[in-house]
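Participant: Here the protein sequences come in this chain order: A and B.
In my numbering, each residue carries its 1-based index in the first sequence increased by 16.
In my numbering, each residue carries its 1-based index in the second sequence increased by 1.
Yeah, the Cβ is synthetic: ideal placement off N, Cα and C, and Gly gets one too.
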Amino acid sequence: MSSTAVVAPRAGVTQLLVAGIGEMVISKDPKTTLVAYGLGSCVALAAWDPDTTVGGLAHFMLPAGPPGGPPVKFVEGGLQAFLEAFTRHGGRPGQARLKAAGGAAMLSIMSGGLEIGRRNAEAVAAGLAALGLTLHARDLGGTAGRTVQLEVGTGRLLVKSVSTVTTL
Amino acid sequence: MLLLTPVEETVLSHTFAHGLMRAGLALAEMTGHEIIVAAPDVRRCSPADVIAMAGGPDKVVVGIYLGIGGSLSGHALLMLPPDGARRLARILLEGVVVPAGDGAPPGDPFVLDPLEISALQEVGNVTISAFLNELGMHLHEPVLPSVPQAVVEMAGAILDAVLVDLSLEANQVLAARAAFIEGYDAIEGTLLVLPRPESLGALLEALGVDGQ
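(1) Taking 8 Å as the cut-off, does the region 78-89 of chain B touch the region 135-146 of chain B (at least 3 CB pairs, one atom from each stretch)?
(2) Do we get a CB-CB distance below 8 Å when we pair residue 42 of chain A with the residues of chain B?
(3) Of all Cβ atoms in chain B, is any one closer than 8 Å to the Cβ of residue 54 of chain A?
(4) Taking Cβ positions, are residue 208 of chain B and residue 13 of chain B nearer each other than 8 Å?
(5) Tell me which same chain residues have a C-beta within less than 8 Å of the C-beta of residue 92 of chain B, skipping the five on either side of it?
(6) Tell me the start and end of each unbroken alpha helix (DSSP H) in the region 62-116 of chain A that is at least 4 residues and wholly inside, in chain order.
(7) Helix, strand or coil: which one does DSSP assign to residue 54 of chain B?
(8) Does residue 129 of chain B have its Cβ less than 8 Å from a Cβ in chain D?
(9) With a Cβ-Cβ cutoff of 8 Å, do residue 49 of chain A and residue 32 of chain A count as a contact?
(10) Determine the closest residue to residue 30 of chain A out of A:176, A:42, A:169, with distance taken between C-alpha atoms.
(11) According to a CB-to-CB cut-off of less than 9 Å, which residues of the region 153-171 of chain A neighbour chain B?
(12) Are the CB atoms of residue 180 of chain A and residue 53 of chain A nearer to each other than 8 Å?
(13) What separation, rounded to the nearest whole angstrom, lies between the Cα atoms of residue 81 of chain B and residue 115 of chain B?
(14) Classify residue 150 of chain A as helix, strand or coil using the three-state DSSP reduction.
(15) My output table needs one value for residue 120 of chain B: the three-state DSSP class, helix, strand or coil.
(16) With a Cβ-Cβ cutoff of 8 Å, do residue 72 of chain B and residue 121 of chain B count as a contact?
(17) Just the Cα atoms here: how many angstroms apart are residue 114 of chain A and residue 94 of chain A?
(18) What does the alpha-carbon distance come out to for the pair residue 17 of chain B and residue 167 of chain B?
(19) For a test of the three-state rule: what should DSSP assign to residue 37 of chain A, helix, strand or coil?
(20) Residues of chain B with CB closer than 7 Å to the CB of residue 178 of chain A, please, in chain order.
(21) Please tell me whether residue 42 of chain A and residue 90 of chain A are closer than 8 Å, where the distance is taken between their beta carbons.
(22) Can you find at least 3 beta carbon pairs, one from the region 62-71 of chain A and one from the region 187-194 of chain B, that sit closer than 8 Å?
(23) Starting from residue 159 of chain B, find everything on chain A with Cβ-Cβ shorter than 9 Å and list it in chain order.
(24) Taking the DSSP output, what are the residues bridged to residue 189 of chain B?
(25) Do you know whose CA, among B:111, B:70, B:201, lies nearest residue 64 of chain B's CA?
(26) Check whether the Cβ of residue 78 of chain A lies closer than 8 Å to any Cβ atom in chain B.
(27) Smallest Cα separation from residue 118 of chain B: which of B:138, B:127, B:90, B:205?
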């Protein structure tokens, strides 16, 4: 199965496209919602172009690593791949609303685990800055897991934790 | 994805079952209740399979985590449904202390009080340590668990944190359904052991199977 899912507009059908760990999903269908479930230290980056209403969601796992594997497993290389795919399907990164969520420190007793969420968040911000882009909104860090949903029709990004729901 | 051979599956299932029998004895000693910990099947499966076993990536569970060091390196995780976890905590706390109210703010089933969290950490500690002791006997060297940590979180988020540390060695998860049975009450959870790749091979070798 491809790890990049792209759908064309379809009238009257609401559907979910899920970005698993290291995967990205892109859609032009205003009835589609893009989802990344259960983010711990992973970071999800949402891109939504308000003019073309193309939406994309990438689920990054680590800041960097060896090549190979899922296309956006690592921010290094994966960020570029995500924005290129977004562009190919009509999105314009320079005009897009870019939002990020995740990067939590889930298990405080796990050695090294606390740093990875923070480093993931920093890698996304640094990678965007290197391309002249900035985040429009973020919900990063903390100790809570998150599920994020990007509504392609509106660009709203819902961020859900066990006890809260916020909109970016 | 690598699959367990029938021989590996049998040996690992037997090891899990034996270790968890010890866990049941330890929990029974702690509580004065007869508690059976059963693990009917053991599988090596992908993280997606594990999350499905727990009810889905955004299913809220109580996760009790222990790091593993010594002769076996990796992570261990016991995931329980919140209502079952609370019942299990009450069994442990019975006769020790009476929690105020029902232990959770009204309307919030996902908040456990500190005593319940502490009791569940002990459940995870006893269960996972008993199992690790069983593995250590086969490895002829001690397996050293860390202190436990219990969190109430989405299953996917807990597993995500562990997998990130392993850099997504996706085919290296050993998973068993674990049922805590006390009287007529069965609380079903999922016990995960995530060895580092080099440790899994050593473990299978120590158990008398080649790990290929």
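Facilitator: Let me lay it out:
(1) no
(2) no
(3) So yes, residue 54 of chain A belongs to the interface.
(4) yes
(5) 32, 34, 36, 183
(6) 91-104
(7) helix
(8) Given the protein chain composition of this structure (A and B), no chain D is represented.
(9) Yes, the pair counts as a contact, with Cβ atoms nearer than the cut-off.
(10) A:169
(11) Residues of the region 153-171 of chain A with a Cβ closer than 9 Å to any Cβ of chain B, in chain order: 159, 160, 161, 162, 163.
(12) Residue 53 of chain A sits away from residue 180 of chain A, with the two beta carbons spaced by 8 Å or more.
(13) 17 Å
(14) coil
(15) helix
(16) Cβ atoms of residue 72 of chain B and residue 121 of chain B: not closer than 8 Å.
(17) 15 Å
(18) 22 Å
(19) DSSP places residue 37 of chain A in coil when its eight states are reduced to three.
(20) 61, 111, 153, 154, 155
(21) no
(22) no
(23) 54, 56, 122, 123, 161
(24) B:180
(25) B:111
(26) yes
(27) B:90
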